[in-house]
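Below is one structure, written out as structure tokens; the observations come after it.
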Amino acid sequence: METPEQLQSDPGSNFECLVLVELCRFFCILKSRTTADHSQGNGQLEWINGSLEALLKTFLERKTTQDLGVPIPHCLLAYRATVHTSFRHYPHGVTTRQELRTPVDNLAIDFCESSIRW
1 METPEQLQSD
11 PGSNFECLVL
21 VELCRFFCIL
31 KSRTTADHSQ
41 GNGQLEWING
51 SLEALLKTFL
61 ERKTTQDLGV
71 PIPHCLLAYR
81 ATVHTSFRHY
91 PHGVTTRQEL
101 RTPVDNLAID
111 FCESSIRW
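Those letters in the sequence shown? Residues 1 to 118, per the UniProt record's numbering, in order.
Take a look at the structure:
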């Protein structure tokens, strides 16, 4: 992922720490914040967080404690690779303007290449 040009957050203490302020200054990221009484400015982020939370719950319900691993990357991949009904595209394609290659795509390519050989 690219470095963002702007970071918008709520005024929570986890977004006001010195480390984040220094990172924003180092990478020339414009930092803005919404007010506590107007949290609608974070609506899209809150919606994505809710979707990710639902994905994590579904993922964790199907796993045992031995095979948990790190579920967040798997859930993010599922989110980014799923076509959304609201805008009929998948988030990775909208943000990067590139096709998302998943491990399944690699298997399909390997299968096609092996079946083409004479």
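Here a beta-carbon is modelled for each residue, glycine too, at the ideal position from N, C-alpha and C.
These numbers were taken from a predicted model, which means no experiment stands behind them.
Could you tell me how far apart the beta carbons of residue i and residue j are, in whole angstroms, since I believe they sit closer than 8 Å?
i: residue 80; j: residue 100; result: 6 Å
i: residue 59; j: residue 75; result: 6 Å
i: residue 96; j: residue 77; result: Wrong, their Cβ atoms sit about 14 Å apart, outside the cutoff.
Quick check on residue i: does DSSP put it in helix, strand or coil?
i: residue 44; result: helix
i: residue 9; result: strand
i: residue 91; result: helix
Provide the residue span of the beta strand (DSSP E) that contains residue i, from first to last.
i: residue 33; result: 30 to 33
i: residue 77; result: Run containing residue 77: none in the beta strand (DSSP E); it sits in the alpha helix (DSSP H), 71 to 81.
Buried or exposed: which applies to residue i, given that a residue is buried once 16 or more other Cβ atoms fall within 10 Å of its Cβ?
i: residue 84; result: exposed
i: residue 89; result: exposed
i: residue 118; result: Bear in mind that the predicted position of residue 118 carries a pLDDT of just 48, short of 50, making it too unreliable to give a figure here.
Output the boundary residues of the alpha helix (DSSP H) element that contains residue i.
i: residue 99; result: Looking at the DSSP string, residue 99 is not in any alpha helix (DSSP H), and its letter there is neither H nor E.
i: residue 17; result: Segment: none, residue 17 is in no alpha helix (DSSP H) and carries neither H nor E.
Is it the case that the Cβ atoms of residue i and residue j are separated by a distance below 8 Å?
i: residue 24; j: residue 7; result: yes
i: residue 5; j: residue 30; result: yes
i: residue 33; j: residue 51; result: no
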